[in-house]
Each structure stands twice: as C-alpha cells, then as structure tokens.
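Numbering (the working numbering), first residue to last: 113 to 438. By construction, the Cβ of each residue, glycine as well, lies at the ideal position given by its N, Cα and C atoms.
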C-alpha cells in the first residue's frame, strides 16, 4: 500500500479550467467562476470524505448521509443566531469566534447522531446492500422530519458574518471573501485527513481495512470498533460541511442534505470508492463543472456533472484514484 497521495490525476482540475477558458470571453469572469468552483468543490469534499471512507472500510451504502449535512447547518443557525453581537462585528477575529464554536457544536451534534444512526439503523443491515439503501434513505427522511419538528419546515436564512461579506478585487475579478475561506478550510481538512491516514497508526489501520478487511481482523484488530469511529468522524465532517454549505448558500432548508447527496455520490464515484484523494479530485471537478456550466448553460448544470462522471468512468472504470491502484 502506497502512503503518498497520487498527484497525477489532480492535473484534471487545471486541465478542465484551461479547457473552459476560451468559452468565457472575460478573464476576470473566468477567475471568479474558477474560485467559486474551487470553494464549492472544497465544501463538497469535506462532506464526501467521510462517506467514501465508510463505504471503503465497511462496504456500507449510506444514503442517509445527507441528514448530517442538514443537521450541522441547522445547528449553526441556532449557535450563530445566539451570537449576533459577534457575527455583526466588522472585525474578522470576532466573526471567527462565533463561526468556530458553531462548527464545533455542529460537528459534535452530527457525530453524536451519527453514532446512534450507525447503532440502530446501519448495524442491523451490514452486508445487505439493498436493505442498506432502503433503511438509510428511510433514516434520512425521519431525520428531515425531526429537523422540521425542531426548527420548522421553512427556509431559514444563514447570513455570512459581517467581516466575511464582500469581495477582494484581483485586477477586474471580484473574489468573494467567504469563497477564499472555504478553500482554505477545505485544504486544512484534506491536510489533516492525509496526515491522519498516512502518518498515524489508526490511519494506517483504516487504509489497510479499506483494502483488506479480513487481513486487519486476522491481526487481532476489531474492525467493527474502527468502523464506528470512522462513521462518527464522517458524520461530524458532514456536519462541518453542512455549516460551510449553509453559509455558502446563505440559507438552509430541511431537504438540503438530500439535494447535496446527489453531488456527493457523483464525487465519490468519480474519485474511486474509499479514496479520500479521489474524493478531493472529484469534488473539485464537480465544483468547477457546476459553476462553469451554470454560467454558460444554466439548464445543463446537473446533467454536466453526470456527463462528467460517465466520461471519467469510461476512461477509468474504478475512478480517477482508486484504492486498488495504490
């Protein structure tokens, strides 16, 4: 098993950006769309990274992953709503002292709900893919209804803190501040995951379990306990991604998790099931494609990502960075 991330497929990201450039008449517009796509991609990666590890480690199709996205976003509305003096400040450090606790609480709540979700919904259907699809989708529906009971069915605004609003001018291109923050947070999460998976004992066990679960169990390690930890961590990351996505959209609805789920599964299929590096590449490609086509041909935005997935699978049926290739 190779410890280093294979950087070669990452060349697809700048290749896509360069390929689209001639179709956009303005360089400043291209730069704005590119940064927006990278920001969107990084947020999607945060959400997808846990799900791809869950599938790779335990072969579980968790279609209920979206409920943790929505839960994290709604928890953030409550926390940030209670810290209006901090979010209303024009000082970035005061804004961060509001956003960081909101992220932490969202991850804590999503992780705790993920623990219960694994115990009562996922665990009884290990190894039964059809039942997994049905029961996890049912779990997501129940989760959405519980969110409606607590926060109501209506859309709730989640405005950006004052200092995170506005844009930075690079030449004639206006780059929104929050999109830059989203890219930085995504890179930090990827760096932390890469270090954990590549440089720590538990990370090596997770990587080994993704490739050969029976071998890890034969060495005396309890793969079930390891999976529970990964499932909880994946749920917490989805909660963090939900906060980021809610701030990206500046509003939240109970169904937001189900809407994002489509993009998440496209990402992990493009990247290769079980591959966090592949999830990063897939998420960046999906984010860029969504923004470029949203500008050039708005009606084709969702179809374009499906077409991208089909093209990638025709080229590499196991995804751009499959675990089996490392």
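- With 16 or more other Cβ atoms inside 10 Å of its own Cβ, residue 163 counts as buried.
- With contacts defined by Cβ atoms closer than 8 Å, residue 272 and residue 359 form a contacting pair.
- Beta-bridge partners of residue 269 (DSSP): 363.
- With fewer than 16 neighbouring CB atoms inside 10 Å of its own CB, residue 238 falls in the exposed class.
- In the DSSP annotation of this structure, the continuous segment of the beta strand (DSSP E) that includes residue 287 starts and ends at 285 to 288.
- DSSP, read as helix, strand or coil, puts residue 280 in strand.
- A distance below 8 Å separates the beta carbons of residue 386 and residue 435.
- Residue 161 and residue 388 have their C-alpha atoms some 6 Å from each other.
- A straight-line Cα-Cα distance of about 21 Å links residue 424 and residue 133.
- DSSP, reduced to helix, strand and coil, places residue 387 outside both helices and strands of the structure shown, so it counts as coil.
- Under the three-state reduction of DSSP output, residue 240 falls in the coil class, being neither helix nor strand.
- Taking C-alpha positions only, residue 235 is separated from residue 342 by approximately 14 Å.
- Taking residue 299 as the centre and dropping the five residues before and after it, the same chain places the C-beta of 154 closer than 8 Å to its C-beta, in chain order.
- One Cα belongs to residue 142, the other to residue 284, and the distance between them is close to 11 Å.
- The shortest CA-to-CA distance from residue 212 to any of 184, 288 and 231 is the one to 184.
- By the neighbour-count definition (other C-beta atoms within 10 Å, threshold 16), residue 433 is a buried residue.
- For residue 170, the enclosing alpha helix (DSSP H) stretches over residues 139 to 170.
- When DSSP states are grouped into helix, strand and coil, residue 190 belongs to the helix group.
- With fewer than 16 other CB atoms across the displayed protein chains lying within 10 angstroms of its CB, residue 280 is exposed.
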